[in-house]
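With my numbering applied, the first sequence covers 4 to 242. Structure record follows, encoded as structure tokens.
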Amino acid sequence: MKMAKLHSWNVTPKQAIAIQHKLRDKIKTFDDFDSIKTVGGVDVGFIKEKNLSCAALVIFSYPDMRIIDVINSSEPISFPYIPTFLAFREVPVVLSCFEKLENPPDILILDGQGYAHPRRMGLACHVGVLLDIPTIGCAKSRLVGEFNMPDEKKGSYSYLYDKGEIIGAVLRTRDNISPVFVSIGHRVSLNTAIELILDMSITRIPEPTKIADSEVKKYANKIRESKLEQESFFKNYGI
DNA sequence: GCGACAG
DNA sequence: ATCTTGTCGC
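This is the structure we're talking about:
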């Protein structure tokens, strides 16, 4: 798909903050999409020895949730892991997956926070705004905000608050299993985000994220194996 | 200054 | 995230 003019990814934390502040005004906190026919899930993995970040973007038909496409890509690691700057580490390789895609999914689920971020610009918002597509953030743990534990029953949730503002929801996707943290990314309301995540969850982690996670691990292992091939190749040629 | 801190 | 074996529980 076509990409808009992007900002640099080779930045200092101070520049990263400036970028987050600038992009923050572009977030659409309301539903802005037509009927959902496809949903996507992305996840990123790292191979430190090769300084590579790899990603898997899985596209599903909706609501039947059949896998209709799997796209992989890898890029050099360009940024360290620093809380609140996750996007600068993971977005580059996610975008390279989208460059290989003709049509983006109607909704994209990311493994991390969206609006539930100190500057309201978590991973899901960053990807959503840059590609201008509907996104939802679903994280396994909290970055910021206060909340009361929701009831143990699947479907129950409580709101995540920060500085007097609702920034997301703590949602139970399974009975008696630790909740997930849902927040909007772009062009989706929080209520819709909660409903969709619940609808796409069979186990604790929503299917798009779960499948993307297994796919990226498969892909990363393939790259690790090819490393052995490369080494033997050099050996065979006496390099 | 100290503690917290998505993946 | 990644490194790693067995093990407790539905």
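Here a beta-carbon is modelled for each residue, glycine too, at the ideal position from N, C-alpha and C. Only a predicted model underlies this, so the values are computations on that prediction, with no experimental measurement involved.
In the DSSP assignment, the alpha helix (DSSP H) including residue i goes from what residue to what residue?
{"i": "A19", "result": "16 to 27"}
So is residue i buried or exposed if we call it buried at 16+ other beta carbons inside 10 Å?
{"i": "G167", "result": "exposed"}
{"i": "I112", "result": "buried"}
{"i": "Q116", "result": "buried"}
{"i": "T15", "result": "exposed"}
{"i": "N239", "result": "Summary for N239: the model assigns pLDDT 40, below 50, so the residue's position carries little reliability, and this model does not support an answer."}
{"i": "M152", "result": "exposed"}
{"i": "D37", "result": "exposed"}
{"i": "A142", "result": "buried"}
{"i": "N75", "result": "buried"}
{"i": "D202", "result": "exposed"}
{"i": "G241", "result": "Any reading at G241 must be qualified, since the residue scores a pLDDT of 36, below 50, and its modelled position is unreliable; the value itself is stated next. So G241 ends up on the exposed side."}
{"i": "E234", "result": "Low confidence applies to E234: its pLDDT is 46, below 50, so where it sits in the model is not reliable, and the reading given next is rough at best. Exposed, since its Cβ has fewer than 16 Cβ neighbours within 10 Å."}
{"i": "P86", "result": "exposed"}
{"i": "D154", "result": "exposed"}
{"i": "H24", "result": "exposed"}
{"i": "I197", "result": "buried"}
What is the DSSP secondary structure of residue i, counted as helix, strand or coil?
{"i": "P83", "result": "coil"}
{"i": "V191", "result": "coil"}
{"i": "N75", "result": "strand"}
{"i": "N224", "result": "helix"}
{"i": "A7", "result": "coil"}
{"i": "P70", "result": "Correcting the residue identity first, residue 70 is Ile in this sequence and not Pro. Strand, per DSSP."}
{"i": "S38", "result": "coil"}
{"i": "F184", "result": "strand"}
With residue i as the anchor, note down where its beta strand (DSSP E) starts and where it stops.
{"i": "L60", "result": "55 to 64"}
{"i": "F49", "result": "41 to 50"}
{"i": "S204", "result": "Taken as a continuous stretch (DSSP letters only), S204 belongs to no beta strand (DSSP E), as it is neither H nor E."}
{"i": "G167", "result": "Unbroken run through G167: none, as it is neither H nor E."}
Contact check, residue i vs residue j under 8 Å by CB: the rounded distance?
{"i": "V73", "j": "A58", "result": "Not quite, the Cβ-Cβ distance comes to about 11 Å (not below 8 Å), so this is no contact."}
{"i": "I180", "j": "R207", "result": "5 Å"}
{"i": "I22", "j": "H10", "result": "5 Å"}
{"i": "I110", "j": "L199", "result": "7 Å"}
{"i": "Y160", "j": "R175", "result": "6 Å"}
{"i": "H189", "j": "G125", "result": "Contact doesn't hold; Cβ gap of about 11 Å is too wide."}
{"i": "Q70", "j": "I214", "result": "The sequence as given places Ile at residue 70; Gln does not occur at that position. About 7 Å; that satisfies the 8 Å criterion."}
{"i": "M6", "j": "L98", "result": "7 Å"}
{"i": "E218", "j": "V61", "result": "6 Å"}
{"i": "K40", "j": "Y65", "result": "6 Å"}
{"i": "P95", "j": "N54", "result": "Wrong, their Cβ atoms sit about 13 Å apart, outside the cutoff."}
Could you give the uninterrupted runs of the beta strand (DSSP E) lying entirely in the segment 98 to 158, keeping only those of 3 residues or more? Whole beta strand (DSSP E) segments, 3+ residues: 110 to 113, 138 to 142.
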